[in-house]
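Inspection log for the structure reproduced underneath, given as structure tokens.
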Amino acid sequence: MNMSEDNLNPAKDKEDFKQNFSDNIWIALQALIIAILFRSLLFQPFSIPSGSMLPTLLIGDYLFVSKYSYGYSKHSLPFSPPLFSDRIMGQDVTRGDVIVFKLPRDNRTDYIKRVVGLPGDTIQVQNGQLYLNGSAVAREKIEDFVSPQADGEDLKITQYVETLPNGVRYRTLDLVENGRGDNTAIFNVPQGYYFVMGDNRDNSMDSRFSRAVGFVPYENIVGRAEVKFFSVNHLGVFWRVWEWPVNIRWVRIFEAVE
């Protein structure tokens, strides 16, 4: 049997191995850079672990947040490096937007809520009714929201459609009457800050609770929730792929966040 001289050259084999290894490292590095740029400048995926934004967002929803909607701050980058302050290419936040932000008290924890108050607004909640600049925000009671429970029973929750002055409409839940956030003092939103609330009004830590969340600085906003790209019933187990046909909420996939 004849063998080529190259196949019998250990030095060349070692050189080829080094070259292939170097090429693979470079490809992996390029992929990592592209992923970081995509995550920092365009879209970042988030999952919903709690029910504070019911019925708009369900536990088990996965969504994309646009990073460019309000420009960029240090929180647009992984680990929030203090490379600059304020925002670059800043854009206005619209009342009614669903935003992801860094919790002001630690600047690390990601929260997702709806913006109801802009800088200069006054906000108050009385008997569960939201008041904006002294006027009650229009709301209409609709059919109850049905929430499946682990024991197989369905929980029915009072549901409203709330309409902000700019025409943004969304549903809210009223789990209990006279909950701890149903009656508040008047909040005056400072310049450079926003007032946020969860749509599940009796099960949300938000700007109504100053020590827990309080006003959200403009710099802390990570981005705007845009679209749900996946959704799985939280009563199931995500890694059990064979159960997906039953547990995936197919109608929510690629549904816009409103």
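Here full-length UniProt numbering is used: position 202 in the sequence shown is 202, and no number is missing along the way. We put the CB at the ideal spot given by N, CA and C, even for glycine.
**Asked** Since VAL246 is in the alpha helix (DSSP H), which residue starts that stretch and which ends it?
**Response** 244 to 247
**Message:** Within a Cβ cutoff of 8 angstroms, which residues of the same chain sit near GLN191, ignoring the five residues on either side of it in sequence?
**Reply:** PRO119 and GLY120
**Asked** Are three or more beta carbon pairs between the stretch 216 to 231 and the stretch 55 to 73 nearer than 8 angstroms?
**Response** yes
**Prompt:** Which residues does DSSP pair with GLY71 in a beta bridge?
**Reply:** SER69
**Item:** the stretch 202 to 210 in contact with the stretch 175 to 194 per 3-pair CB rule at 8 angstroms
**Value:** yes
**Prompt:** Which term fits LYS74, buried or exposed, when burial requires 16 or more other beta carbons within 10 angstroms of its beta carbon?
**Reply:** buried
**Request:** Compute the Euclidean distance between the alpha carbons of TYR111 and ARG139, then round it to the nearest angstrom.
**Result:** 25 angstroms
**Message:** Give me, in chain order, the residues of the same chain whose beta-carbon lies closer than 8 angstroms to that of ILE253; leave out the 5 immediate sequence neighbours on both sides.
**Reply:** LYS228, PHE229, PHE230 and SER231
**Prompt:** Residue ranges of each beta strand (DSSP E) run of no fewer than 3 residues wholly in the stretch 105 to 132, ordered along the chain?
**Reply:** 110 to 117, 122 to 126 and 129 to 132
**Message:** So, with DSSP's three-state summary, where would you put ASN220?
**Reply:** helix
**Prompt:** Looking only at C-alpha atoms, which of ARG105, TRP244, GLY51 and VAL161 sits nearest to SER147?
**Reply:** GLY51
**Backbone CA spacing between ILE248 and LEU103 [nearest angstrom]** = 30 angstroms
**Asked** If we ignore side chains and look at the alpha-carbon of each, how far apart do ALA256 and THR56 end up?
**Response** 10 angstroms
**Beta-carbon spacing of LEU173, GLN159 below 8 angstroms** = yes
**Request:** Use the C-beta contact count for MET53: other C-beta atoms within 10 angstroms, 16 or more gives buried, fewer gives exposed.
**Result:** buried
**Request:** With a cut-off of 8 angstroms on the beta carbons, I'd call VAL65 and GLN44 a contact; round off their distance for me.
**Result:** 5 angstroms
**Item:** Integer-rounded CB distance, given that VAL100 should sit under 8 angstroms from TYR194
**Value:** With a Cβ gap of about 13 angstroms, TYR194 and VAL100 do not count as contacting.
**Request:** Have a look at the DSSP bridge pairing and note the partners of PHE195.
**Result:** GLY117
**Request:** To the nearest angstrom, report how far apart TRP26 and VAL216 are at their CA atoms.
**Result:** 40 angstroms
**Request:** Quick one: using the 10 Å Cβ neighbour count with 16 as the cut-off for buried, is SER135 buried or exposed?
**Result:** exposed
**Asked** DSSP three-state call for SER4: helix, strand or coil?
**Response** Annotation note: pLDDT 45 at SER4 (below 50); position unreliable, no value reported.
**Request:** Taking all protein chains shown into account, decide if SER207 is buried (16 or more other Cβ within 10 angstroms of its Cβ) or exposed.
**Result:** buried
**Item:** Outcome for PHE79 when other beta-carbon atoms lying within 10 angstroms are tallied against a minimum of 16
**Value:** exposed
**Inter-residue spacing [alpha-carbon to alpha-carbon] between PRO165 and VAL116** = 10 angstroms
**Item:** One or two residues paired with LEU29 in a DSSP bridge
**Value:** Paired residues: none, contrary to the question.
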